[in-house]
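To start, the structure under review is shown below, and the notes come after it.
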């Protein structure tokens, strides 16, 4: 996780520098200071700082991965990477409900936003708890 932390910390520095330059250049333009762009860049810097800090804390708590070790060989990364469900329909259902939520927000229908939020929560719960139900429940 050290590589990911460094990447996001570099992105934070980049966004801070770009935000300062953007603010200076728009301040001296004919249109005047442009708040929306500066705010967007500042929020992007904040988000990358949050993610980089999280990765830095996680990197301290876990063992060194092959990606973080400079002298690692390809064989060091061999083995199981996790469990991925081969025949689950839940990712498709989550994508459909997320698309429904996006459409609901785009057209700003209150009733459809409520339905979409409930659908996203149900689909996410189905995805997370898919293998926590007994075989008699399927």
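Residue numbers (full-length UniProt numbering): 1 to 138. Ideal placement from N, C-alpha and C gives every residue a C-beta, glycine not left out.
**Study point:** Buried or exposed by the 16-neighbour rule on C-beta atoms within 10 Å, applied to residue 52
**Key:** buried
Review point. Starting from residue 8 and walking both ways along the alpha helix (DSSP H), at which residues does that stretch end?
Key: 2–27
Exercise for review: Report the option in 33, 30 and 41 whose CA atom is closest to the CA atom of residue 11.
Suggested key: 41
**Study point:** Residue span of the alpha helix (DSSP H) that contains residue 43, given as start and end
**Key:** 35–61
Check your understanding: Does the distance from the CB of residue 22 to the CB of residue 34 come in under 9 Å?
Key -> yes
Point to revise | Residues near residue 179 by beta carbon distance below 6 Å, same chain, minus five either side | key: In the structure displayed, the chain extends from 1 to 138; residue 179 sits before or after that span and is not available.
Practice item. Just tell me which of 6, 87, 117 and 107 has its CA closest to the CA of residue 98. Key: 117
Point to revise | From 79, 18 and 96, residue whose alpha carbon lies closest to that of residue 142 | key: This structure cannot settle anything about residue 142, because the visible part of the chain is limited to 1 through 138.
Check your understanding: CB residue 1 to CB residue 50, shorter than 9 Å?
Key -> no
Practice item. Return the chain-ordered list of same chain residues with a C-beta closer than 8 Å to the C-beta of residue 130, the five sequence neighbours on each side being excluded. Key: 85, 88 and 90
**Study point:** Between the CA atoms of residue 123 and residue 132 - distance to the nearest angstrom
**Key:** 15 Å
**Study point:** Burial state of residue 55 (16 or more Cβ within 10 Å)
**Key:** buried
Practice item. Would you kindly check if the distance between the Cβ of residue 48 and the Cβ of residue 37 is under 9 Å? Key: no
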